[in-house]
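Residue numbers (my numbering): 3 to 233. Ideal Cβ positions, reconstructed from N, Cα and C, are used throughout, including at glycine.
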Amino acid sequence: MIFDLFHTLLDGADGERDRVIGEMAVELGIPQQDLVAAYHSSWRERLIGWDVEQTIETLAGRLGHRPTDAQVTRAAALRRAFAIRSLGRASMATLTVLDKLRADGHPLALLSNAAAETAAAWVESRLAPRFDVTVFSCAVGFAKPDPESYHAAAARLGVPPETCVFVGDGADGELAGAAAVGMWVLRTVEHRDTDPSWDGPVLSDLGELPALLSGAGVAEGPASGGGRSPR
Ligand SMILES: [Mg+2]
Numbered sequence: 003m004i005f006d007l008f009h010t011l012l013d014g015a016d017g018e019r020d021r022v023i024g025e026m027a028v029e030l031g032i033p034q035q036d037l038v039a040a041y042h043s044s045w046r047e048r049l050i051g052w053d054v055e056q057t058i059e060t061l062a063g064r065l066g067h068r069p070t071d072a073q074v075t076r077a078a079a080l081r082r083a084f085a086i087r088s089l090g091r092a093s094m095a096t097l098t099v100l101d102k103l104r105a106d107g108h109p110l111a112l113l114s115n116a117a118a119e120t121a122a123a124w125v126e127s128r129l130a131p132r133f134d135v136t137v138f139s140c141a142v143g144f145a146k147p148d149p150e151s152y153h154a155a156a157a158r159l160g161v162p163p164e165t166c167v168f169v170g171d172g173a174d175g176e177l178a179g180a181a182a183v184g185m186w187v188l189r190t191v192e193h194r195d196t197d198p199s200w201d202g203p204v205l206s207d208l209g210e211l212p213a214l215l216s217g218a219g220v221a222e223g224p225a226s227g228g229g230r231s232p233r
C-alpha cells in the first residue's frame, strides 16, 4: 500500500503554513504577500531540489532582497518548526489504521511530494516507524505524477506496481499518475476534497481501509487497472 502524506495521513494546514511563510517574510524584511506568492509559484523547484536555506535565499533573491545569514537561519527555524508541528498532528485514529493494515500483512510506503524540511521532520514523527519505505520527492529528484515516483515506491516495497493500492487526496494529479502505472486508486476526502472530478472509489475516513481491502481480497493482490470498484 502506498500513501500520500499531506491531506491524506494528516491535515496539510495550508493556512498555517502560509502564516509561517509570512512570519519568515517579517524576519527577512520582505513583504509577506510577496514571499507567500513566491513560495507557491516555486513549488516544483522546492519539492525536488532545494533545502530550506536555499529556498529562502533563492526566493528572497528573486524578490530583490539579500538577507543576512542570521536572518536566513531564523526564517529556516520557523519553517522547520512548522514541519515538525504539522507532522506531529497525525491522529491516533490514523496511526491505529496504519497499525491494523500492517498487522493484516500490508507493507506500507509513503510517497510524498515534499520539501527537505518535511523529510527531515518525518524521521522523528510517530508516522515514520509505521512505514516500511519512503519516497520523498526532495530525496529522489522527481515528483508525482511522474511515473518514476510510483515505480520507485513499488520497487522499494519489492512488488510490481499493479499489486499496489495508492491512497491520496489527489493533489498534483497523483491519482491519475497512480492509475497510469496500474495501481488501484483510492481517493480520500478525510482532510480535504481536493480532486472531486476523480471517477473512482472514495474514502471518507481512512478507518474504512482495512475492511475495504479485506473485502476486495487485496491481501492476495488486486487485479490490474486503476479506479475500479473493490466489490
Ligand atoms: Mg496530498
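Beta-carbon spacing of residue i, residue j below 8 Å
{"i": "Leu113", "j": "Ser151", "result": "yes"}
{"i": "Leu12", "j": "Ala122", "result": "no"}
{"i": "Glu59", "j": "Val38", "result": "no"}
{"i": "His9", "j": "Ala173", "result": "yes"}
{"i": "Trp2", "j": "Ala130", "result": "Missing from the structure shown is residue 2; the chain here goes from 3 to 233 and no further."}
{"i": "Ala178", "j": "Pro147", "result": "yes"}
{"i": "Ala141", "j": "Leu49", "result": "no"}
{"i": "Ala111", "j": "Asp134", "result": "yes"}
{"i": "Ala78", "j": "Val54", "result": "yes"}
{"i": "Val137", "j": "Leu215", "result": "no"}
{"i": "Leu65", "j": "Ala40", "result": "yes"}
{"i": "Arg189", "j": "Gly202", "result": "yes"}
{"i": "His193", "j": "Gly17", "result": "no"}
Closer than 7 Å: residue i CB and nearest ligand 1 heavy atom
{"i": "Gly170", "result": "yes"}
{"i": "Phe138", "result": "no"}
{"i": "His42", "result": "no"}
{"i": "Ala173", "result": "yes"}
{"i": "Asp148", "result": "no"}
{"i": "Thr10", "result": "yes"}
{"i": "Asp195", "result": "no"}
{"i": "Asp13", "result": "no"}
{"i": "Asp6", "result": "yes"}
Alpha-carbon spacing of residue i relative to residue j, whole angstroms
{"i": "Glu126", "j": "Pro198", "result": "33 Å"}
{"i": "Asp101", "j": "Ile32", "result": "44 Å"}
{"i": "Gly51", "j": "Thr57", "result": "9 Å"}
{"i": "Gly170", "j": "Leu7", "result": "8 Å"}
{"i": "Met3", "j": "Leu30", "result": "41 Å"}
{"i": "Arg1", "j": "Leu159", "result": "Residue 1 is absent from the structure shown; the chain starts at 3 and stops at 233."}
{"i": "Asp207", "j": "Glu47", "result": "32 Å"}
{"i": "Gly63", "j": "Asp36", "result": "12 Å"}
Runs of alpha helix (DSSP H) lying entirely within the segment 23 to 106, each at least 4 residues, in chain order: 34 to 43, 45 to 50, 54 to 64, 71 to 89, 94 to 105
Is it true that the segment 61 to 72 meets the segment 80 to 97, where meeting means three or more beta-carbon pairs spaced less than 8 Å apart? no
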